[in-house]
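What follows is a set of notes on a single structure, which appears directly below.
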Amino acid sequence: MQTITFEDFLKVELRVGRIVSAEVFKEARKPAYVLHVDFGEELGVRKSSAQITALYQPEDLVGRLVVAVVNFPPKQVGPLMSQCLVTGFHNERGDVALCVPDQDVPLGTRLL
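Per full-length UniProt numbering, the sequence shown starts with residue 1, numbered consecutively.
In C-alpha cells form, the structure reads like this:
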C-alpha cells in the first residue's frame with residue numbers, strides 16, 4: 001500500500017449529498033443508474049453514473065445520503081457528463097454497496 005501525506009488527503013473533497021433522483025442509465029455499457037445528488041447550497045445538484053444496480057432499485061435510492069468525491073474534473077460517460085464520484089465498496093460477490101453516513105448530517109458536509 002502506498003502512503004500519502006495528510007496534505008494529499010486534504011486535496012480530496014469527500015462530501016455528503018442526498019440523492020434527489022435516480023434512473024436507469026440506458027446508454028451505459030454496464031448496468032448503471034444516473035444519480036442526481038444534492039450537495040447543498042454551496043455545490044448544488046450534481047450528476048453521477050453509478051454501477052450499483054445489483055443492490056439498489058432507483059426508487060429506493062431517492063432520499064438516501066451518500067458520500068462522493070466532488071472535486072474530480074467532469075468525466076464524459078457515454079452521453080452523460082459525470083460531475084462527481086459516488087463512493088462504495090465491493091462486497092464478496094463484487095456488487096457495490098454505497099458508502100453512507102450512519103447519521104443525518106447537513107448536505108455538503110466535508111469528510112475530515
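Note that beta-carbon positions come from the ideal geometry of N, C-alpha and C, so glycine has one too.
Keep in mind the model is a prediction, meaning the values are calculated, not measured.
Candidates the options, of which the one nearest residue i by Cα
i    : options          : result
L107 : F9, E59, E7, I19 : I19
K75  : L85, V67, V66    : L85
P101 : V67, F72, E13    : V67
K47  : D8, P73, T5      : P73
S49  : A32, K26, L10    : A32
Those residues which DSSP pairs with residue i across a bridge
i   : result
D38 : R18, V45
Q89 : Correcting the residue identity first, residue 89 is Phe in this sequence and not Gln. Answer by DSSP bridge pairing, in chain order: A97.
M1  : Bridge partners of M1: none, in fact.
C-alpha gap between residue i and residue j, whole angstroms
i    : j    : result
D95  : V16  : 22 angstroms
V12  : L111 : 9 angstroms
G88  : Q2   : 20 angstroms
Q103 : T109 : 12 angstroms
H36  : S21  : 5 angstroms
F39  : V45  : 6 angstroms
L55  : L10  : 31 angstroms
Expected contact under 8 angstroms - CB spacing of residue i and residue j to nearest Å
i   : j   : result
E23 : P58 : 6 angstroms
L43 : V70 : 6 angstroms
Contacts around residue i, its chain only, beta-carbon distance under 8 angstroms, and the 5 residues preceding and following it disregarded
i   : result
K30 : Q51
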